[in-house]
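*Asks:* Protein chains in written order, with the working numbering: chain A, 1 to 326; chain B, 1001 to 1388; chain C, 2001 to 2513. Here a beta-carbon is modelled for each residue, glycine too, at the ideal position from N, C-alpha and C. For reference, the structure I am asking about is given below.
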Amino acid sequence: MIIGDILSATLIFAVPLMLVALGGMFSERSGVVNIALEGIMIVGALAASLFLRYVDDLGIGKDHAQLYMLAAVGIAGIVGILYSQLLAFASIKLKSNQVISGTALNMLAPALAVVVTWNIQGTAQTTILIPNWVRIAPESLGIATDNIFTTFLFKSLFLTTPIAFVILILSIVFLYYTKTGLRLRACGEHPQAADSVGVNVYRMRYLGVGISGFLAGIGGLAYTLAAGSGFTSTVAGYGFLALAVMIFGNWKPVNILLASFFFAFFRIISFYSNSISFLPKFDTLVSGEYIYLIMPYLVTMIVLVLTSKRSRAPKAEGIPYDKGRR
Amino acid sequence: MKRRRTFNSSLLTTILSAVGAIIIGLFIGYLLLLITKPDRAWWGLQRILTIGFSDPNKFAKVLYQAMPLICTGLSVAFAFKTGLFNIGATGQYTVGTFFGLFAGIQWQLPWYLALIAAMIGGAIWGAIPGICKALFNVNEVITSIMFNWIAVFAVNMAFLNFPMLVVDFWGKSSIGDRTPVLADANASAVLPKLGLDELMNSSLVNIGIFLAIIVAVIIWVLLQKTTFGYEIKACGYNRDASQYAGINAKRNIIYSFMISGALAGLGGGLYYLSGTGQYTFLKVLLPAGFNGIPVALLANSHPIGVIVSALFISYIQVGGDALQPRFVRENIDIIIGVIIYVSAFALVLKLWFEKLFVKRSMSAVSLRDDDAELPPPDEPKGKDGDNV
Amino acid sequence: MSEYIIEMVGIRKVFPGVIANDNITLQLKKGEIHALLGENGAGKSTLMGVLFGMYQPEAGEIRKDGKPVRIHNPNDANNLGIGMVHQHFKLVEVFSVMDNIMLGAEDTHLGILQKNKVRDKVLRLSEKYKLKVDLDAVIEDISVGMQQRVEILKMLYRDNDILIFDEPTAVLTPQEIEELMQTMRNFANEGKSILFITHKLNEIMAVADRCTVLRKGKYIGTVDIKDASADSLAEMMVGRKVNFKVDKKPCNPKDTILRVNNLSLTTAASGKHKLHNVSFNVRAGEIVGIAGIEGNGQSELVYVLTGMLKPTSGTITFGEHDITKYSIRERNDMGIAHIPEDRHRYGLVLDYNLAENLILKSYYTSQFNQHGFLRFLEMETHAQKLIEGFDIRAGEGGDTPARSMSGGNQQKAIIAREVSLSPKLLIAVQPTRGLDVGAIEYIQKQLIAARDAGRAVLLVSLELEEIMNVSDRILVMYEGKIVAEVEGEHAVRQELGLYMAGATPNDMSQEVV
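Shown next as structure tokens:
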């Protein structure tokens, strides 16, 4: 039924948003603005897709499907970390403008992806198809998708979904209950205070950016799986949408979770607008479905404007830390 | 004690750091070609560097593609000069395209009025992040990005709702996915060619490139010679001192975004009113807007420099297209991406060069030796310059 | 075993262009409260910065319990048991009290914070030393007094025995000051040793055992408080130098140009009065100097007068007009000129050249602006005139980038600009900061020339000497209030010093705030 399908689709699109937004949160919480999330997603997805393709070509994929998926997730994350270090190096060591270096990485990533794809798959093959066995079929778990609840959770199930929720919980624990989490947060709010008690601000920021790379890489893979038609060297602006989710979520994990679902829902509605009877179809306009495409962005903007007073960005984000100045 | 720092050395270091970024970008690109097809790598590099001049036809293409780049480059550069980052250029470009084509086709206006309409469209779209920042203190980067996407969708839908703006209306085809050939819809809206097409044996070139150059000069005059330019640059260079001088920063932010937007919108107008291309209703962000960023960075946001760097970027892009089918054209995007990345810390490069040329180095941030300033009390400063 | 727990011997610390500490020796006994007294620029904060590992001295030695030690960073200082409460708190505003205390010294098990253990320890310390704090409150919500207690607890939590306080009472209300004094006495009784930097004589008299006085980077002396008085301390602090008075004609004041009435500024966060019912006048043809130690409201007063800050209450009258609500530009246009205390932040646009900076406040007038275009010829002439008239050294004349000019010439440029506006009121804040003797003399002459030309001049300076040389009338600000008004000719250095430090000459033996 429709509701179940909608919920299922919402879940599958909320997961990448949440992962990437969490990643952005870690980076900004440590004091570095990470605009490059979009690029990192692409690079992570590229690596993971290539890996899955490779495994599939070898014919061994089906046997230990989820094990290979786990490896793919790991690869996406690690490649994400590596790519994010380009931003970290430029921003922390060279103290360059974080928005510009982030934009550079965003422009590099899709180009890199196309070039690599071309060279590996051959001319004009710009899509990397994801093998079917990555999906966890509900039947294999002994579950029949016969009601809303099971449809919601199990219709399109990939390993990335439960992993995402594990990551969410780990993030909460790390950020609020560990020593490193405390120090990381201090660096994004008042690096001088952290420095004065012996915290290495530079190292914390590298960590923050590294974590964001890891999560964004996995998020890229999650997006590719959700999109369903393979890796096409783009994530359609999800990296930026994740930034908005992060801001709307006030840089807090649980709020980010809720915000991700909120926005994914609006995104999905646009696909199903014709099928749902009570939604306005905007028939008077040609191609009225565009209104639904606009909606997530417009809603985001309205929310940002309304909550700008309440919004509490990490105070020292975007400002390169200079230990030398007293 | 004074230090002689002539005008020349500053220009020199700017050019050097730009050239440095370009060389590094080309080098990385070359490495990439080498990795993917070693035997053809050198050929590839040569082609990139020389194809633009190889015949008038190709050069015409360079000029044609430089046209929107000059405009979006100016848009980003102007914003930079005033201390802002206009990442919304692509949305403004798109809205400008719509306004321009609407004026030209729907209202059947001649090209010069359509161009003005394009600028108005871009200005309106540009004002939005400005207003959100000035009045609601919402980050302009996020606003711009959101409105980039809103622009694409809104414009697509808008086009589809005006039958005259879809190619089917004019009878030549029925694909329904793009705007009509401009010559069919309204010949007076097409930018005049003034015989350039015969000169260069190409249908691409028209007076648009000259218009773009003229606009660049106008922007340069605006920034350098007018009171408004003085004020708006002061805001960008030193917000506190402008406040001290009684300048209204909030108002200037909005003006700055509007002008940036108008410039980007003009880019869209020039490109699509050339009559050569048709706007296709795809759900993607047009790269022309983003490519304005490397153009601006390479030129260090100098309006005249933008002309040069736009021509350069266009030049290597034409080179990149000519690499096909052996190499994928995205190699050029990689080169450009590397160039931006390096430009991001170009300031570091610039200071490093300055150390070589000026006897004693001068960090842009620290006070001078004979200032005898006591170490200032460290007070955490707010990001956007809270009052005092 | 040395009788001193900490010794700083022969410390020399140099910053570009200034010797902040010149062969200073400081000895701290165990269990004593030792005050460090001096005016602005005396070198007190620098010396403590060296002790706390924030700066490395060029020469000199630090000893703990008689043994030489090297302190490279705050961690080293911490390991030696040295803790510091900074003048500007180093607290993370959005963290709770407890998080701030444990940051950097967290108690963990496998990386997980042991919040309960921390809580217990902090509560014990809090009770022992009667330092009331709300462990779960967020820093930005609590009072400044409590924030300071958090800083103190940070030190105690790390078992610091040597406690440095940098101007601790600057931000406290009288009640909180009393509590702090008691806390310090408790620490001393415990055997902890305390160093505290201050310029307030009454506090020193109230709580210190001994006091070391610094002046202009040099060590003046150390006294036992029981043998000293506010008077003697003030004399050590400001010295008995013969004043090098600038030649000036007698003052001939005319109409009152500026009238300040009950001006108050309260910051919402701390509730502290930055300005408290400040009232005074400035007349045309006179120089009014405002003396005081930094942080007593002078900066805020100037920002309120020029429109950069809004007062909480009170009025400002300029000539006939109430300008309390006027914008900055309106005040500029009415004839108020301002030489700001931070010349790089407010006074100049460093990326502009000299000529462009010289028209920063007048670029929009018809003199330089014609139909929206800048009149470059006029700009050049104007720049030339000012360069000659004010002896500004600029290598390329008007084209010289402001950034490349020396500090002295930058300041001359600002003064040239402001004076040439022919203002009715000229406000000059720290106009000679960081300049060489020649430039200082020149600028002071300019101020007097302005006054002779019939302008009203308000001079704010942290250099008492400068105030005394130049002013016709002197006001002293302390804790946001005007505490004294003296005629320039009758000003006595020590007396002013006392006012600046919060005491009055008549109440030497009492502790008056």
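Under 8 Å between beta-carbons, which chain A residues line up against glutamate 2093 (chain C)? List them in chain order, please.
*Replies:* Going along chain A in sequence order, the residues near glutamate 2093 (chain C) (Cβ under 8 Å) are Glu189, His190 and Lys315.
*Asks:* Let me check understanding here. Comparing Cα to Cα, which of B:Ser1174, B:Tyr1315, B:Gly1130 and B:Gln1108 lies closest to asparagine 1086 (chain B)?
*Replies:* B:Gly1130
*Asks:* Using the beta-carbon of each residue, which ones in chain B are nearer than 7 Å to isoleucine 247 (chain A)?
*Replies:* Ile1142
*Asks:* In this structure, does DSSP put leucine 2458 (chain C) in helix, strand or coil?
*Replies:* strand
*Asks:* So which residues on chain B does aspartate 2351 (chain C) lean against when the C-beta distance must stay under 7 Å?
*Replies:* Within 7 Å Cβ-Cβ: Tyr1237.
*Asks:* Whole alpha helix (DSSP H) runs in the stretch 1271 to 1320 of chain B with 4 or more residues, listed along the chain?
*Replies:* 1287 to 1298
*Asks:* Counting only C-beta atoms, is aspartate 1333 (chain B) closer than 8 Å to chain A at any point?
*Replies:* Chain A has a Cβ within less than 8 Å of the Cβ of aspartate 1333 (chain B).
*Asks:* Within the same chain, show all residues whose beta-carbon is closer than 8 Å to that of glycine 2010 (chain C), passing over the 5 residues directly before and after it, in chain order.
*Replies:* Asn2023, Ile2024, Thr2025, Ala2059, Gly2060 and Glu2061
*Asks:* Beta carbon of glutamate 289 (chain A), beta carbon of glutamate 28 (chain A): below 8 Å?
*Replies:* no
*Asks:* Enumerate in chain order the residues of its own chain whose CB-to-CB distance from serine 1366 (chain B) is below 8 Å, with the five nearest sequence positions on each side excluded.
*Replies:* Because the pLDDT at serine 1366 (chain B) is just 28, under 50, the model does not fix this residue reliably, and the value given afterwards should be weighed accordingly. Answer for serine 1366 (chain B): no residue qualifies.
*Asks:* Can you tell me which of the three DSSP states glycine 2522 (chain C) falls into?
*Replies:* The structure shown does not extend to residue 2522 (chain C), since chain C spans only 2001 to 2513, so no value can be given for it.
*Asks:* Taking the alpha-carbon of valine 347 (chain A) as reference, which of A:Ile294, A:Leu298, A:Thr234 and A:Leu168 has the nearest alpha-carbon?
*Replies:* With chain A covering only 1 through 326, there is no way to say anything about residue 347 (chain A).
*Asks:* Would you check if there are 3 or more beta carbon pairs closer than 8 Å linking the stretch 1233 to 1241 of chain B to the stretch 1073 to 1093 of chain B?
*Replies:* yes
*Asks:* Based on DSSP bridge pairs, tell me the residues matched to cysteine 2211 (chain C).
*Replies:* Looking at the DSSP assignment, cysteine 2211 (chain C) forms a beta bridge with C:Ala2035 and C:Val2223.
*Asks:* With 8 Å as the threshold, decide whether the Cβ of isoleucine 2328 (chain C) is near any Cβ in chain B.
*Replies:* With 8 Å as the cut-off, isoleucine 2328 (chain C) counts as an interface residue toward chain B.
*Asks:* Is there a C-beta anywhere in chain B that falls below 8 Å from the one on leucine 2374 (chain C)?
*Replies:* yes
*Asks:* Distance check for glycine 1261 (chain B) and isoleucine 999 (chain B), CA to CA, integer angstroms please.
*Replies:* Residue numbering for chain B in the displayed model covers 1001 to 1388; residue 999 (chain B) lies beyond these limits and cannot be assessed.
*Asks:* With distances taken from CA atoms, which of C:Val2460, C:Glu2479 and C:Lys2481 is nearest aspartate 2472 (chain C)?
*Replies:* The shortest C-alpha separation from aspartate 2472 (chain C) is found at C:Val2460.
*Asks:* Specify, as a first and last residue, the run of the alpha helix (DSSP H) that asparagine 2040 (chain C) falls within.
*Replies:* Taken as a continuous stretch (DSSP letters only), asparagine 2040 (chain C) belongs to no alpha helix (DSSP H), as it is neither H nor E.
*Asks:* Could you tell me if glutamate 2418 (chain C) is buried or exposed, where buried requires 16 or more neighbouring beta carbons within 10 angstroms of its beta carbon?
*Replies:* buried
*Asks:* Compute the Euclidean distance between the alpha carbons of isoleucine 1070 (chain B) and isoleucine 1254 (chain B), then round it to the nearest angstrom.
*Replies:* 22 Å
*Asks:* Verify whether the separation of the beta carbon atoms of isoleucine 218 (chain A) and valine 43 (chain A) is less than 8 Å.
*Replies:* With a cutoff of 8 Å on beta-carbon distance, isoleucine 218 (chain A) and valine 43 (chain A) are scored as not near each other.
*Asks:* Leaving out five residues on either side along the sequence, give the residues of the same chain with a beta carbon under 7 Å from the beta carbon of cysteine 187 (chain A).
*Replies:* So the list reads Ser30, Gly31, Ala194, Val199, Val201, Met204 and Arg205, once near-sequence residues are dropped.
*Asks:* What first and last residue would you give for the beta strand (DSSP E) that runs through lysine 2029 (chain C)?
*Replies:* 2018 to 2029
*Asks:* From the beta carbon of alanine 2137 (chain C), is the nearest beta carbon of chain A less than 8 Å away?
*Replies:* no
*Asks:* Quick one: what's got a C-beta closer than 8 Å to isoleucine 1022 (chain B)'s C-beta in the same chain, skipping five residues either side?
*Replies:* Within the same chain, isoleucine 1022 (chain B) has close Cβ partners Leu1298, Phe1312 and Ile1339.
*Asks:* Between the alpha carbons of valine 2492 (chain C) and valine 2171 (chain C), how many angstroms are there, rounded?
*Replies:* 29 Å
*Asks:* Measure the C-alpha to C-alpha separation of isoleucine 2204 (chain C) and asparagine 2296 (chain C) and round it to an integer number of angstroms.
*Replies:* 18 Å
*Asks:* What is the rounded straight-line gap between the Cα of alanine 2503 (chain C) and the Cα of isoleucine 100 (chain A)?
*Replies:* 55 Å
*Asks:* Between the C-alpha atoms of glutamine 1324 (chain B) and glycine 142 (chain A), what's the straight-line distance to the nearest angstrom?
*Replies:* 51 Å
*Asks:* What residue range does the alpha helix (DSSP H) around methionine 295 (chain A) cover?
*Replies:* 289 to 307
*Asks:* Taking all protein chains shown into account, decide if asparagine 1057 (chain B) is buried (16 or more other Cβ within 10 angstroms of its Cβ) or exposed.
*Replies:* Exposed, because fewer than 16 other Cβ atoms sit within 10 Å of the Cβ of asparagine 1057 (chain B).
*Asks:* From serine 1242 (chain B) to lysine 2013 (chain C), what distance separates their C-alpha atoms?
*Replies:* 36 Å
*Asks:* Between the stretch 2360 to 2374 of chain C and chain B, which residues of the former have a C-beta closer than 7 Å to a C-beta of the latter?
*Replies:* Leu2360, Lys2361, Tyr2363, Tyr2364, Asn2369, Gly2372, Phe2373 and Leu2374
*Asks:* Looking only at its own chain, which residues have a Cβ that is under 7 Å from the Cβ of serine 270 (chain A), when we skip the five neighbours before and after it?
*Replies:* Glu289, Tyr292, Leu293 and Met295
*Asks:* Note down, in chain order, each residue of its chain lying with its Cβ closer than 6 Å to the Cβ of leucine 7 (chain A), except the 5 sequence neighbours on either side.
*Replies:* Phe152
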